[in-house]
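> Residue numbers (our numbering): 1028 to 1481.
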Amino acid sequence: MYKEKTSVQWKDLDASYHLHPFTDFHEYETSKGRIIEKSEHIYIYDTDGKKYLDAMSGLWCCSLGYSQPEIGKAVINQFKQLPYYNNFFQCSNAPAVELAERLVNIAPKQFQRVFFTNSGSEANDTNIRLIRRYWDLKKQPKKRFIIARKNAYHGSTIAAASLGGFNAVHKQFETLPYISHIIEPNWYTEGSDDTADDFGLKAAQELEKQIDELGEENVAAFIAEPIQGAGGVIVPPKTYWPEVQRILKERNILFVSDEVICGFGRTGSLFGCQTYETEPDLITFAKAVTNGFQPLGGVLVNDRVSDVITKDGGEFGHGFTYSGHPIACAAAIATLEIIEHGNFIDKVANDIGPYLQSKWKELADHPIVGHVRGIGMLGSIELVRNKNTKERLEPDQKSGGICREFCIENNLIMRAVGDSMIISPPFVCSYKDIDSLIEKARKSLDQTASYYSV
Ligand SMILES: *Cc1c(COP(=O)(O)O)cnc(C)c1O
């Protein structure tokens, strides 16, 4: 256990020694952050004693909130039984076997196998390897291109960040050459004069155009999140996914549904592909599979891919020391039990999800809210100065950061993505918790409006 320190000491040490993900190191030395020291239900507490309603479920992962002692018990029991063994060299372990079986049993019926990783990023790296093996074994080695979307987030290894569509990230390293990006289905920012439905069709048809441009014989796969999460909770127009699915049906390419956020109930179905009725060949999962309590990710593989890669392809040259880690898998089994026995997917679809959406939509009447999106337990709002012209509060996408500072002042964790604010609250929220979230959000919006003199 760590030694007790004062809040100031923690912050000084942190700023001196610790390099944080997606952080401006130089700025952090002076701004410093918040040290989170404990949690309960949907709340986190920092070392200054401040309590926050965490409307982001950590980083989209603690869907069942922070108080789930059964997951802790599963972790401790597994620690006593077998704290580590690997799955290389013809070995396996009971939690990995049971979790694989359970995931296959609850997934859409075409899914037959699971490959475990420690994270979503590694799972998407694994997808690239699986896709390559598949087409090589099908004797179509020219099929190498993977089509992804702008503003997508698929993780942070070189491969996963290449699949992702963030310009700011791509500027800092050389992306893989066989990945190409099409537009995101963000009607509010990209749709200009079209109706949402028309734009949804056009955005989907960009996939068809890109396949033709690259040549279908060169295209291996398309990867997409059912709803783009880190890109700003982009809920696509309702015409988008049916059109994408039509194109995918007609074309001989694989489809990866990156369900690292949408998976395990977030959209009101087990997976987002079920909400949108798409038929992926590979599903990426991570985050909520262990409620964020242990690092675990993986890929669900359907019959089409599994039939090919499990037949005389030789050794699959890929894997991680912690693939199928027994403690992480035990945590996942306990998490799946809670999701099932607590009827959480049904609650997101029919109870707390619709309640959140009805309250979240009401924010549309706020003077600086230009657009409201959401589904299940996901939501986003776009901040503007002028609702008609969509003029932003200030140039350079800074207004979200300003609003976030007010949220923190008001004991609310909401995330800023450029000029939008996004939420992904835990499924264990009560109606009262949602009311409190909305009240804090509205207050923060009021303060943001006065900051910008709107
Ligand atoms: C978070 C995320 C990832 C990456 O997962 P890590 O566990 O952080 O590597 C991949 N895809 C999506 C959609 C994500 O939200």
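Idealized CB from N, CA, C, for every residue including glycine.
I'd like to check one pair, residue 1155 with residue 1234: are the Cβ atoms closer than 9 Å?
The residue given as residue 1234 occupies position 207 in the sequence shown. The residue given as residue 1155 occupies position 128 in the sequence shown. No; because the gap between Cβ atoms is not below 9 Å, this pair is not in contact.
> Alpha carbon to alpha carbon, how far is residue 1141 from residue 1341? Give it in angstroms, no decimals.
Residue 1341 sits at position 314 when you count from the first residue of the sequence shown. Residue 1141 sits at position 114 when you count from the first residue of the sequence shown. Straight-line Cα distance between these residues: approximately 18 Å.
> Does the contact criterion of 3 or more C-beta pairs under 8 Å hold for the stretch 1205-1220 versus the stretch 1281-1301?
Because the criterion of three Cβ pairs below 8 Å is not met, the stretch 1205-1220 and the stretch 1281-1301 do not touch.
> Would you report the Cα separation of residue 1062 and residue 1431, rounded to the nearest angstrom?
Translated into the one-based positions of the sequence shown, residue 1062 becomes position 35. Translated into the one-based positions of the sequence shown, residue 1431 becomes position 404. Approximately 17 Å, taken between the alpha carbons.
> Measuring straight from C-alpha to C-alpha, what distance separates residue 1191 and residue 1179?
Position 164 of the sequence shown, counted from the start, is the residue given in the question as residue 1191. Position 152 of the sequence shown, counted from the start, is the residue given in the question as residue 1179. Answer to the nearest angstrom: the Cα atoms are 5 Å apart.
> Identify which residue in 1268, 1473, 1356 has its Cα closest to the Cα of residue 1114.
Looking up residue 1114 in the sequence shown gives position 87. Ranking 1268, 1473, 1356 by Cα distance to residue 1114 puts 1356 first.
> So, with DSSP's three-state summary, where would you put residue 1203?
Locating residue 1203 in the sequence shown gives position 176, where the first residue counts as 1. Coil.
> For residue 1394, which residues from the same chain have a beta carbon less than 7 Å from its beta carbon, with the 5 sequence-adjacent residues on both sides left out?
Start at 1 with the first residue of the sequence shown, and residue 1394 comes out as number 367. Closer than 7 Å at the Cβ level, and outside the excluded window around residue 1394, lie 1476, 1481.
> Which stretch, first to last residue, makes up the beta strand (DSSP E) that contains residue 1141?
To locate residue 1141, count along the sequence shown from 1; it is residue 114. First-last of the beta strand (DSSP E) with residue 1141: 1138-1144.
> Look at the alpha carbon of residue 1102 and the alpha carbon of residue 1371, and state the distance between them as a whole number of angstroms.
For this step, residue 1102 is matched to residue 75 along the sequence shown. For this step, residue 1371 is matched to residue 344 along the sequence shown. Going from the Cα of residue 1102 to the Cα of residue 1371 covers about 22 Å.
> Considering only the alpha carbon of each residue, which of 1464, 1424, 1035 lies closest to residue 1439?
Along the sequence shown, one-based indexing puts residue 1439 at 412. Minimum Cα distance to residue 1439 is reached at 1464.
> Pick helix, strand or coil for residue 1411, following the three-state DSSP scheme.
In the sequence shown, counting from the first residue as 1, residue 1411 sits at position 384. Note: residue 1411 maps to coil in three-state DSSP.
> What three-state label does DSSP hand residue 1255 in the structure shown?
If you number the sequence shown from 1, residue 1255 lands on position 228. Correct three-state label for residue 1255: strand.
> Restricting to runs no shorter than 3 residues, where is the beta strand (DSSP E) found entirely within the stretch 1045-1081?
Here the runs fully enclosed are 1063-1067, 1070-1073, 1078-1081.
> How many Å lie between residue 1232 and residue 1274 at the Cα?
The count along the sequence shown starts at 1 and reaches residue 1232 at position 205. The count along the sequence shown starts at 1 and reaches residue 1274 at position 247. Taking the straight line from one Cα to the other gives about 8 Å.
> Consult DSSP for residue 1323 and reduce its assignment to one of helix, strand or coil.
For the purposes of this step, residue 1323 is taken as residue 296 along the sequence shown, with counting starting at 1. Reduced to three states, the DSSP call for residue 1323 is coil.
> Do you know whose CA, among 1059, 1094, 1383, lies nearest residue 1075's CA?
Counting from one through the sequence shown, the residue named residue 1075 turns up at place 48. For the residues 1059, 1094, 1383, the minimum Cα distance to residue 1075 belongs to 1059.
> When burial is assigned at 16 or more other CB atoms within 10 Å of the CB, is residue 1201 buried or exposed?
If you number the sequence shown from 1, residue 1201 lands on position 174. It is exposed - the Cβ of residue 1201 has fewer than 16 other Cβ atoms within 10 Å.
> Just the C-alpha distance for residue 1051 and residue 1425, rounded to the nearest angstrom, thanks.
The residue given as residue 1051 occupies position 24 in the sequence shown. The residue given as residue 1425 occupies position 398 in the sequence shown. One C-alpha to the other measures close to 15 Å.
> Kindly indicate if chain C contains any beta-carbon less than 9 Å away from that of residue 1218.
Among the protein chains of the structure shown there is no chain C, as only one such chain exists.
> Taking the alpha carbon of residue 1290 as the point to measure from, which residue in 1241, 1314, 1406, 1257 has its own alpha carbon closest?
Mapped onto the sequence shown, residue 1290 falls at position 263. Of the candidates 1241, 1314, 1406, 1257, the one whose C-alpha sits nearest the C-alpha of residue 1290 is 1314.
> Under 7 Å Cβ to Cβ from residue 1471, same chain only, skipping five residues before and after it: list those, please.
Start at 1 with the first residue of the sequence shown, and residue 1471 comes out as number 444. So the qualifying residues of the chain are 1430, 1433, 1434, 1437, 1439.
> DSSP on residue 1442, reduced to helix/strand/coil?
Against the sequence shown, residue 1442 aligns to sequence position 415. The answer is strand: DSSP assigns residue 1442 an E or B state.
> Just to confirm, does residue 1181 get its C-beta within under 8 Å of one of the non-hydrogen atoms of ligand 2?
Of the ligands this structure carries, namely ligand 1, none is ligand 2.
> Checking 9 Å against the spacing of the C-beta atoms, do residue 1161 and residue 1335 come in under that value?
In the sequence shown, counting from the first residue as 1, residue 1161 sits at position 134. In the sequence shown, counting from the first residue as 1, residue 1335 sits at position 308. Yes, Cβ-Cβ distance for residue 1161 and residue 1335 is below 9 Å.
> Can the beta-carbon of residue 1319 be found less than 9 Å from the beta-carbon of residue 1084?
Translated into the one-based positions of the sequence shown, residue 1319 becomes position 292. Translated into the one-based positions of the sequence shown, residue 1084 becomes position 57. In this structure, residue 1084 lies closer than 9 Å to residue 1319 by Cβ.
> Can residue 1257 be considered in contact with ligand 1, in the sense that its beta carbon sits closer than 8 Å to one or more heavy atoms?
Along the sequence shown, read from residue 1 onward, the residue named residue 1257 stands at position 230. Yes.
> Cβ-heavy atom distance between residue 1146 and ligand 1 below 8 Å?
As a working mapping, residue 1146 is identified with position 119 in the sequence shown. Under cutoff, so the answer is yes.
> Under 8 Å from any heavy atom of ligand 1, does the C-beta of residue 1157 make it?
Here residue 1157 refers to the residue found at position 130 of the sequence shown. Residue 1157 Cβ: outside cutoff for every heavy atom of ligand 1.
> I need the straight-line Cα distance from residue 1153 to residue 1332, nearest angstrom please.
Taking the first residue of the sequence shown as 1, we reach residue 1153 at position 126. Taking the first residue of the sequence shown as 1, we reach residue 1332 at position 305. Computed Cα separation, rounded: 13 Å.
> Any heavy atom of ligand 1 closer than 8 Å to the Cβ of residue 1287?
Locating residue 1287 in the sequence shown gives position 260, counting from the first residue. Checking the Cβ of residue 1287 against ligand 1 gives yes.
> Residue 1214: beta carbon under 8 Å from a heavy atom of ligand 1?
Reading the sequence shown from its first residue, position 187 is the one you call residue 1214. Result no, Cβ not under 8 Å from ligand 1.
> Between the C-alpha atoms of residue 1255 and residue 1379, what's the straight-line distance to the nearest angstrom?
In the sequence shown, residue 1255 corresponds to position 228, counting from 1. In the sequence shown, residue 1379 corresponds to position 352, counting from 1. In a straight line, the C-alpha of residue 1255 is about 21 Å away from that of residue 1379.
> Identify every run of the beta strand (DSSP E) within the stretch 1158-1243, keeping only runs that are complete inside it and at least 3 residues long; order them along the chain.
Listed in chain order, they are 1172-1176, 1206-1209.
> With which residues is residue 1309 paired in a DSSP beta bridge?
Indexing the sequence shown from 1 puts residue 1309 at position 282. Bridge partners of residue 1309: 1283, 1328.
> For residue 1086, is the beta carbon positioned less than 8 Å from some heavy atom of ligand 1?
Locating residue 1086 in the sequence shown gives position 59, counting from the first residue. True, at least one ligand heavy atom lies under 8 Å from that Cβ.
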